[in-house]
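Read the structure below first, then the notes.
There are 2 protein chains.
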Amino acid sequence: MHFTKTEKAYWMTEAIKEARKAELLGEVPIGAVVVHENRIIGRGHNLRETSKNATTHAEMIAIQEANRRLDNWRLEDCQLFVTLEPCAMCSGAIVLSRIDAVYYGPKDFKGGTAGTLMNLLEDDRLNHQAYVEQGVLEEECKDLLVTFFRELRLKKKQAKLQRDCSCQGTETQAE
Amino acid sequence: MHFTKTEKAYWMTEAIKEARKAELLGEVPIGAVVVHENRIIGRGHNLRETSKNATTHAEMIAIQEANRRLDNWRLEDCQLFVTLEPCAMCSGAIVLSRIDAVYYGPKDFKGGTAGTLMNLLEDDRLNHQAYVEQGVLEEECKDLLVTFFRELRLKKKQAKLQRDCSCQGTETQAE
C-alpha cells in the first residue's frame, strides 16, 4: 500500500484527533489509527494516567481494536499512523501483529525505537519488518506536545506560587 | 529485593503453572507472575490464539493485573518471573511500568530482548532499567516448550497422513 502525501496527511489528521482526546483528559497528547483497505479499523489515544495502566499507549489501543475488528491477531496489509515515534513496547506490538507500515510525526529522542534510539521495526533478526516513514505532519504533531508540556509547566509554577503565598500568609498570621 | 535460589524457584513454579494453563488451551506454553512484597499481584499466560489479539502475552496480562491490583501504572518494587525471555513488546512494558527485576527461564534466540538479541531492560538510554537474571528453572521451562512443539509437529504430520490417505481413497474410487 502506497499513500500519496495528501492521503498520509488525511490519516495523520485522524491520529491527531485521537491525540486531542487524550489532551482533554489531561493525558500526554498522543494518538494513533490503524488503516486497512483505506478505512480506519482501530483508533486509540494515550490513557496511561486515566487507566492507571502502563500499557495503554495510543498504538496498543488502536492495534487491539483492529485485532477485534478483523477477528485476527494478524494485521497484515494494515498501516499505523501515530503522532509520535513508537516506544519499544509499541514497536514490539507492531512487529508481533505484522503491521505492514508505520507513519509517524516527530522523533522521540528519549524513547523512540523506530529509527531514533534503535529501529525495532526494521530489525531483520525479528520475524517481521514494517516499512517506516518519519515526519508526517511533523509540526502539527510536535505543536500538540510542546503546547501540552508548556501549559503543564505553567500550571505547576502557578500551583507552587499559590503554595508559597499560603505559607507566607500563615507565617504573617503567626508573627 | 533479593531472592534466594529457593524463593526464585518458588515464584518460577507459579509462572510454570500459568504456562500449563496456556498449554491446555493449545497456546504456546508461556506463563508469568508479578510479585510485590512477597505475594503475587499479577498472573498471566499466553492467549494470542484464543484472544486473537497479538498483545496478549503472559507478561502483558500479568502486568495489567498488577496495575489494577496496585491501582497504579507504576510497579516499583515489583519483580516479574516469566518462563521465557521477554520479547520487545513485553520488555518495553516492563520498562514503562518500572518493574524492579525480571527473572526468566531459557533464552529466546529468535526474539528475546532481555539479553539475547539485545537488552532493552538494561539500556541506560531509556528512563528505567530493571535487574535481569536468566536461567531460573531453565530446564523445566524449556521442557514445556520442547514437548509442546514436538506434539504440534506430530499432530501436523498425522493430519497430513490422514489427508493423503483420504486422497488415495478418493483416487481408488474414481479409477
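If you read the protein sequences in the order shown, they are chains A and B.
FYI, the numbering for the first sequence is 1 to 175, going by our numbering.
FYI, the numbering for the second sequence is 176 to 350, going by our numbering.
Virtual Cβ for every residue (Gly too), placed ideally from N, Cα, C.
Looking from the CA of A:Leu-84, the closest CA among A:Cys-167, A:Asp-143, A:Arg-153, A:Lys-160 belongs to A:Asp-143.
In the three-state reduction of the DSSP assignment, A:Cys-78 falls in the strand class.
C-alpha of A:Arg-68 to C-alpha of A:Arg-39: approximately 15 Å in a straight line. If you look at A:Gln-134, you'll find it in the beta strand (DSSP E) that goes 131-134. Listed in chain order, the positions of the stretch 290-317 of chain B with a beta carbon within less than 7 Å of a beta carbon of chain A are Leu-292, Leu-295, Arg-300, Leu-301, Asn-302. If only complete runs of 4 or more residues are kept, the stretch 17-51 of chain A shows the alpha helix (DSSP H) at 48-51, in order along the chain. A:Ile-63 has a beta carbon lying within less than 8 Å of a beta carbon in chain B.
About 5 Å separates the beta carbon of A:Ala-32 from that of A:Ala-15, a gap short enough to meet the 8 Å contact definition. With fewer than 16 other Cβ atoms from the protein chains shown falling within 10 Å of its own Cβ, A:Ser-166 counts as exposed. Across the structure, B:Asp-275 and A:Thr-6 are spaced so that their CA atoms are roughly 45 Å apart. Assigned with DSSP and collapsed to three states, A:Asn-119 falls in strand. Judged by their CB atoms, B:Cys-265 and B:Met-235 are nearer to each other than the 8 Å cut-off. When only Cα atoms are considered, B:Lys-330 and A:Thr-147 end up about 58 Å apart. Below the 7 Å Cβ cutoff, chain B contributes no neighbours of A:Gly-26, its closest Cβ being approximately 14 Å away.
Within the DSSP bridge table, the entry for A:Tyr-10 names no partner.
With respect to the 8 Å criterion, B:Leu-250 and B:Arg-218 are not classified as neighbours on the basis of their beta carbons.
In the three-state reduction of the DSSP assignment, B:Ala-268 falls in the helix class, which pools H, G and I. For the stretch 67-87 of chain A, the beta-carbon criterion of a distance under 8 Å to any beta-carbon of chain B is satisfied by Asn-67, Arg-68, Asp-71, Asn-72, Trp-73, Arg-74, Leu-75, Cys-87.
Per DSSP, A:Ala-101 is one residue of the beta strand (DSSP E) stretching across 101-104. Going by DSSP, B:Arg-243 is part of the alpha helix (DSSP H) stretching over 233-245.
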